[in-house]
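Numbering (this note's numbering), first residue to last: 425 to 734.
And the structure:
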């Protein structure tokens with residue numbers, strides 16, 4: 425989304441708080457005005473449109489569902505502005521999630537579409553942040569995602585006595601809490617510390633008037649049925665995308681990536697060097713090139729959020 429930079433303190437359109445991003449410009453605020461002007465749906469209207477799309481493939485109903493729910497995306501995107509990613513990009517990714525929610529919604533499950541859409545928007549934004557940080561180093565597992573977004577909070581709770589570094593006991597406790605390995609805790613702690621993700625960045629004030637921080641919006645919570653359904657759909661979609669990405673590699677690249685990253689017992693560079701009759705350094709270079717190809721294939725689409733036709 426091309427922007428014209430304006431002050432962070434500029435007032436957003438009615439119903440939106442000022443965006444905490446110096447690169448969020450006047451064109452972006454005009455976009456917020458446009459989507460806010462699209463009428464909201466009553467529950468009956470929502471059900472009618474869902475039925476028309478789900479049963480008849482009515483494209484006009486699809487477009488109207490998208491348009492009426494675009495306003496959800498900026499509100500969710502602003503809650504995750506503390507990770508060094510532009511709010512405009514987060515909105516773009518949230519819109520992609522909204523489209524996925526329409527395509528994957530199953531009315532027979534008994535959930536309202538608007539509730540389901542919120543979870544897909546959030547899932548797409550969180551995945552984009554993870555991709556931006558690093559596909560391989562952060563990891564794609566659900567447990568590693570929870571670790572990435574909640575480790576800082578968990579550390580603060582353990583270190584209430586002012587202790588600065590994690591003890592071995594703390595690391596073991598966190599590994600059990602997040603169901604990851606000790607090495608996962610150490611590596612993620614180092615990565616978060618090195619990049620200094622600002623979880624204490626203020627977002628404004630909550631409905632009770634108290635200051636609201638980034639960390640307050642991403643607490644690890646027990647998933648409800650809507651979250652579980654979205655998570656299941658997301659894993660299936662993500663697995664398909666990874667398979668597609670692997671298919672873009674040549675046979676040797678595929679084998680190296682699969683044996684290094686996808687096997688239950690990853691193979692060392694030295695062992696692969698013996699298998700292929702190469703040096704370990706050459707195998708590392710092939711691996712690095714393959715990973716870059718996968719990242720490029722999986723890189724989230726960019727560009728301004730598309731306003732669905734009315």
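Note that the Cβ used here is the ideal one computed from N, Cα and C, for glycine as well.
Identity of the residue in the options nearest residue i by Cα
i	options	result
residue 701	475, 676, 593	676
residue 541	711, 549, 529	529
residue 453	466, 488, 467, 495	495
residue 498	516, 718, 487	516
residue 614	603, 579, 504, 593	579
residue 667	699, 448, 721, 696	721
residue 551	678, 695, 532, 518	518
residue 713	691, 674, 698, 690	674
residue 523	457, 599, 487, 690	487
residue 718	672, 468, 527	672
residue 532	698, 600, 479, 459	479
residue 711	450, 484, 449, 679	679
Secondary structure of residue i, DSSP reduced to three states
i	result
residue 674	coil
residue 591	coil
residue 698	helix
residue 447	coil
residue 571	helix
residue 536	coil
residue 704	helix
residue 525	helix
residue 504	coil
residue 497	helix
residue 511	helix
residue 488	helix
residue 547	helix
residue 603	coil
residue 482	coil
residue 690	coil
residue 462	coil
residue 530	coil
Distance between beta carbons of residue j and residue i, contact taken as under 8 Å
i	j	result
residue 462	residue 492	6 Å
residue 504	residue 553	6 Å
residue 683	residue 693	With a Cβ gap of about 10 Å, residue 683 and residue 693 do not count as contacting.
residue 548	residue 521	3 Å
residue 489	residue 477	7 Å
residue 670	residue 681	7 Å
residue 526	residue 571	The Cβ separation is near 31 Å, so there is no contact.
residue 577	residue 595	Not quite, the Cβ-Cβ distance comes to about 16 Å (not below 8 Å), so this is no contact.
residue 582	residue 612	About 14 Å; that fails the 8 Å criterion.
residue 469	residue 536	Contact flag wrong, Cβ pair sits at about 12 Å.
The ligand COA heavy atom lying under 6 Å from the CB of residue i
i	result
residue 553	The model depicted lacks the ligand COA and carries no ligand whatsoever.
On the three-pair Cβ rule with 8 Å, is the stretch 470-481 touching the stretch 510-524?
no
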